[in-house]
Amino acid sequence: MPTARYANRRGFKPRLKLILRIDVGVFWYSYLENPQPGNQLIKQDNPEMTDEQLAYGLQKLQK
(Lines of atoms letter the chains of each structure in order from A and count residues from 1; the text may use other names and numbers.)
(Lines give C-alpha, C1' and ligand atoms only; values in the text may rest on other atoms or scores of the structure.)
Protein backbone atom coordinates (compact mmCIF):
# COMPACT_ATOMS: atom_id res chain seq x y z
CA MET A 1 0.00 0.00 0.00
CA PRO A 2 1.59 3.33 -1.03
CA THR A 3 2.39 5.81 1.69
CA ALA A 4 3.77 8.76 -0.32
CA ARG A 5 1.50 11.78 -0.72
CA TYR A 6 1.82 14.29 -3.53
CA ALA A 7 -0.23 17.49 -3.56
CA ASN A 8 -0.03 21.12 -4.48
CA ARG A 9 -1.32 23.85 -2.18
CA ARG A 10 -4.52 24.48 -4.14
CA GLY A 11 -5.43 20.79 -4.17
CA PHE A 12 -4.35 19.95 -0.65
CA LYS A 13 -5.90 22.58 1.61
CA PRO A 14 -9.56 22.22 0.53
CA ARG A 15 -9.31 18.47 0.94
CA LEU A 16 -7.33 18.39 4.18
CA LYS A 17 -10.11 16.82 6.28
CA LEU A 18 -10.70 14.13 3.67
CA ILE A 19 -6.99 13.39 3.39
CA LEU A 20 -6.67 13.10 7.18
CA ARG A 21 -9.67 10.75 7.35
CA ILE A 22 -8.13 8.57 4.65
CA ASP A 23 -4.80 8.51 6.50
CA VAL A 24 -6.52 7.47 9.75
CA GLY A 25 -8.48 4.79 7.90
CA VAL A 26 -5.33 3.44 6.27
CA PHE A 27 -3.61 3.37 9.66
CA TRP A 28 -6.41 1.33 11.28
CA TYR A 29 -6.68 -1.03 8.31
CA SER A 30 -2.92 -1.56 8.47
CA TYR A 31 -3.02 -2.03 12.25
CA LEU A 32 -5.77 -4.64 12.05
CA GLU A 33 -3.85 -6.54 9.36
CA ASN A 34 -0.57 -6.53 11.33
CA PRO A 35 -0.68 -4.95 14.80
CA GLN A 36 2.95 -5.68 15.75
CA PRO A 37 4.57 -2.49 14.32
CA GLY A 38 1.83 -0.32 15.85
CA ASN A 39 2.15 -2.09 19.18
CA GLN A 40 5.90 -1.41 19.21
CA LEU A 41 5.24 2.30 18.71
CA ILE A 42 2.59 2.28 21.43
CA LYS A 43 5.00 0.61 23.85
CA GLN A 44 7.71 3.18 23.04
CA ASP A 45 5.35 5.99 24.02
CA ASN A 46 3.71 4.06 26.87
CA PRO A 47 6.05 1.40 28.30
CA GLU A 48 3.49 0.51 30.97
CA MET A 49 1.13 -0.89 28.31
CA THR A 50 1.15 -4.69 28.52
CA ASP A 51 0.82 -7.20 25.71
CA GLU A 52 -2.41 -8.36 27.32
CA GLN A 53 -3.87 -4.85 27.19
CA LEU A 54 -2.89 -4.45 23.56
CA ALA A 55 -4.37 -7.87 22.67
CA TYR A 56 -7.61 -6.97 24.47
CA GLY A 57 -7.85 -3.68 22.57
CA LEU A 58 -7.19 -5.41 19.25
CA GLN A 59 -9.84 -8.03 20.03
CA LYS A 60 -12.40 -5.30 20.74
CA LEU A 61 -11.51 -3.45 17.51
CA GLN A 62 -11.94 -6.59 15.45
CA LYS A 63 -15.54 -7.17 16.65
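What the sequence shown shows, in the numbering used here, is residues 1128 to 1190, in sequence order. Where a beta carbon is used, it is the ideal one built from N, C-alpha and C, also for glycine. For clarity, every value in this text was computed on a predicted model and none was experimentally measured.
Contact annotation: the region 1142-1149 does not touch the region 1168-1181, with fewer than three C-beta pairs closer than 8 Å. The beta carbons of L1159 and Q1189 sit about 6 Å from each other, so the pair counts as a contact at 8 Å. In the DSSP annotation of this structure, the continuous segment of the alpha helix (DSSP H) that includes P1164 starts and ends at 1163-1172.
Membership of K1187 in the alpha helix (DSSP H) is indicated by the continuous run 1178-1189.
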